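Note that the protein sequences, when read in sequence, are chains G and W.
Using our numbering, the letters of the first sequence map in sequence onto residues 108 to 198.
Using our numbering, the letters of the second sequence map in sequence onto residues 108 to 198.
All residues carry an ideal CB built from backbone N, CA and C; glycine is no exception.
All values derive from a computational prediction rather than experimental measurement.
Below is one structure, written out as structure tokens; comments come after it.
Number of protein chains: 2
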Amino acid sequence: EVLNRQSGVAAVRPRRSVAVRAEAAPINPEVRKNEEKVVDSVLVADLSKPLTAYCRCWRSGTFPLCDGSHVKHNKATGDNVGPLLLKKQKE
Amino acid sequence: EVLNRQSGVAAVRPRRSVAVRAEAAPINPEVRKNEEKVVDSVLVADLSKPLTAYCRCWRSGTFPLCDGSHVKHNKATGDNVGPLLLKKQKE
Ligand code: FES
Ligand code: FES
């Protein structure tokens with residue numbers, strides 16, 4: 108078995124495989140892939156809760172809000188990402 | 108040449124390679140890797156500008172702020188990520 112099982116690509120395609128590094132991989136697997144660039148706006152005056160968490164891991168089921176999915180992502184990958192917290196007041 | 112050149116790992120280690128998918132890779136290569144989880148807080152009352160962009164691509168040199176690095180990341184990977192914009196007023 109000499110296939111490159113990590114990529115699912117046979118090892119006989121060296122050119123393509125060399126170019127793919129961890130740093131050059133997409134980080135958003137599923138969120139609004141029909142959009143060229145996913146940008147969200149928050150009008151901060153409209154924030155209703157004292158604290159609102161916004162996703163930066165691209166794994167939330169409620170994107171752009173954080174639903175805690177970063178925990179699973181971090182555990183699965185050894186990553187250390189987390190949300191941006193918007194606060195209306197200093198506690 | 109039967110090495111898995113995409114991962115830099117020899118193809119003789121099938122167990123580890125099978126577990127690593129695009130969805131199970133870290134998305135933050137460099138930002139504050141000494142922290143277990145990178146969480147940032149914004150006190151929205153302290154926002155000085157009408158619009159402030161916060162990074163969600165983990166490539167910004169001014170993280171947690173966006174410095175436009177998502178453009179290079181998207182071009183290099185075919186990804187479609189972008190910042191979260193915090194706005195003080197409706198234009
Ligand atoms: S779910 Fe993405 S940062 Fe929490
Ligand atoms: S630099 Fe990361 S979203 Fe803009």
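Using a Cβ-Cβ cut-off of 9 Å, residue 176 of chain G does not count as an interface residue toward chain W, since no Cβ of chain W sits closer than that to its own. Sequence-distant Cβ neighbours of residue 139 of chain W in its own chain, meaning closer than 7 Å and more than five residues away, are 145. Nearest in C-alpha terms to residue 166 of chain W, of all of W:188, W:195, W:197 and W:159, is W:188. Within the segment 154-188 of chain G, the residues whose Cβ lies closer than 9 Å to any Cβ of chain W are, in chain order, 154, 158, 160, 161, 162, 163, 164, 165, 166, 171, 177, 178, 180, 181, 183, 184, 185, 186, 187 and 188. Placement of the Cβ of residue 188 of chain G at a distance of less than 8 Å from at least one heavy atom of ligand 1 is found. Within the same chain, Cβ atoms closer than 8 Å to the Cβ of residue 172 of chain W are found at 159, 160, 161 and 162, the five residues on either side in sequence being excluded. A straight-line Cα-Cα distance of about 14 Å links residue 154 of chain W and residue 148 of chain G. With respect to the 9 Å criterion, residue 135 of chain W and residue 186 of chain G are classified as neighbours on the basis of their beta carbons. The Cβ-Cβ distance between residue 131 of chain W and residue 184 of chain G falls below 9 Å.
Relative to ligand 2, the beta carbon of residue 160 of chain W is positioned inside 8 Å of a heavy atom. Assigned with DSSP and collapsed to three states, residue 147 of chain W falls in strand. Counting along the chain, residue 178 of chain W sits inside the alpha helix (DSSP H) bounded by residues 176-184. Residue burial is scored here from C-beta neighbours: residue 133 of chain W has at least 16 other C-beta atoms within 10 angstroms and is therefore classed as buried. Of the candidates G:181, G:142 and G:195, G:181 places its Cα closest to the Cα of residue 142 of chain W.
A straight line joining the alpha-carbon of residue 196 of chain W with that of residue 157 of chain W spans about 7 Å.
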